[in-house]
Amino acid sequence: MPDPTPLERLALTHPSYANEQGLRETNQRLEFLGDAVLGLFVGEMLYHRFPDLPEGELTMRRAALVCEESLAQLALSQGLGRRLRLGRGEEQSGGREKPSVLADTFEAVLGAYFLEHGPEETRRWVKETFSPLLDNPPLPLRDARSRLQELAQDRGLQTEFRLLSQDGPPHRPTFRMAALVDGVERGQGEGTSKQEATARAAAAAYQALTAPASEESR
Numbered sequence: 164m165p166d167p168t169p170l171e172r173l174a175l176t177h178p179s180y181a182n183e184q185g186l187r188e189t190n191q192r193l194e195f196l197g198d199a200v201l202g203l204f205v206g207e208m209l210y211h212r213f214p215d216l217p218e219g220e221l222t223m224r225r226a227a228l229v230c231e232e233s234l235a236q237l238a239l240s241q242g243l244g245r246r247l248r249l250g251r252g253e254e255q256s257g258g259r260e261k262p263s264v265l266a267d268t269f270e271a272v273l274g275a276y277f278l279e280h281g282p283e284e285t286r287r288w289v290k291e292t293f294s295p296l297l298d299n300p301p302l303p304l305r306d307a308r309s310r311l312q313e314l315a316q317d318r319g320l321q322t323e324f325r326l327l328s329q330d331g332p333p334h335r336p337t338f339r340m341a342a343l344v345d346g347v348e349r350g351q352g353e354g355t356s357k358q359e360a361t362a363r364a365a366a367a368a369y370q371a372l373t374a375p376a377s378e379e380s381r
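Going by our numbering, the first residue of the sequence shown is number 164, and it counts up by one from there.
Here is the structure:
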């Protein structure tokens, strides 16, 4: 892997690291730019992909695509968590796995990419990254449990959540929950709280139940 450019290094510089090292700049300005670039190009994609959708529906789809959970997952898939420059305190508190930190880093990296490669290349990269998600955008975790329960009720089914495991030290536990629909496990999720793990399990179950393959097998 080639050495990162100065802008790429800056995009991976969390404020906690800058404070400890006495650095003047952090990735926050790049995060601001990346957020604006992402909103523009994802909005453009949705506008062209769904010509008949009203503004409200387009807005909800964009919000789901660029929400914290979605960007955090993309950041993890691209290995940004392990490349982050974090301060000791943030490192010890699990900063490399925090959705808020990961989402901010994704936006900062995108901002750096925009400055280094220009709008057309950035548009191509955003399209390549987000096109697979346009028709089935991620379900925001804050809505996952209620959306799953609504879906199950519409189909006359019952939902249940079950704790599968609890690992890690007391100050940093990790929970794994399962989402069951009519007694059948449909999704699992992990989190640093039961609430977070339940939401992730519900999101996985919702995606499983609404995927085309699931509809055909019902």
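Cβ coordinates follow ideal geometry from the N, Cα and C atoms, glycine included. Small disclaimer: the values here were computed from a predicted structure and weren't measured.
Would you list the one or two residues that DSSP bridges to residue i?
i	result
residue 351	341
residue 248	176
residue 325	341
residue 128	Residue coverage of the chain in this structure runs from 164 to 381, which leaves residue 128 outside it and unanswerable.
residue 330	337
Taking buried to mean at least 16 other C-beta atoms within 10 Å of its own C-beta, is residue i buried or exposed?
i	result
residue 164	For residue 164, the pLDDT reaches just 44, beneath the cut-off of 50, and the residue's location in the model is therefore unreliable, leaving the point undetermined.
residue 194	buried
residue 222	exposed
residue 138	Because the chain here runs from 164 to 381, residue 138 falls outside it and cannot be looked at.
residue 326	exposed
residue 205	buried
residue 352	buried
residue 258	buried
residue 267	buried
residue 186	exposed
Might you give, ordered along the chain, the residues of its own chain that have their beta carbon closer than 6 Å to the beta carbon of residue i, omitting 5 neighbours on each side?
i	result
residue 176	189, 190, 248
residue 330	337
If contacts are defined as beta-carbon pairs under 8 Å, then residue i and residue j qualify, I think. What distance do you get, rounded to the angstrom?
i	j	result
residue 209	residue 278	At roughly 24 Å, the Cβ-Cβ gap does not stay under 8 Å, so residue 209 and residue 278 are not in contact.
residue 198	residue 270	5 Å
residue 335	residue 355	7 Å
residue 307	residue 324	In fact, because the Cβ distance is near 11 Å, the residues do not count as touching under 8 Å.
residue 200	residue 273	6 Å
Note down, in chain order, each residue of its chain lying with its Cβ closer than 7 Å to the Cβ of residue i, except the 5 sequence neighbours on either side.
i	result
residue 168	279
Report all residues from its chain with a CB closer than 8 Å to the CB of residue i; omit the five preceding and five following residues, and keep chain order.
i	result
residue 182	250
Does the region 284-298 come close enough to the region 226-245 that 3 or more CB-CB pairs lie under 8 Å? yes
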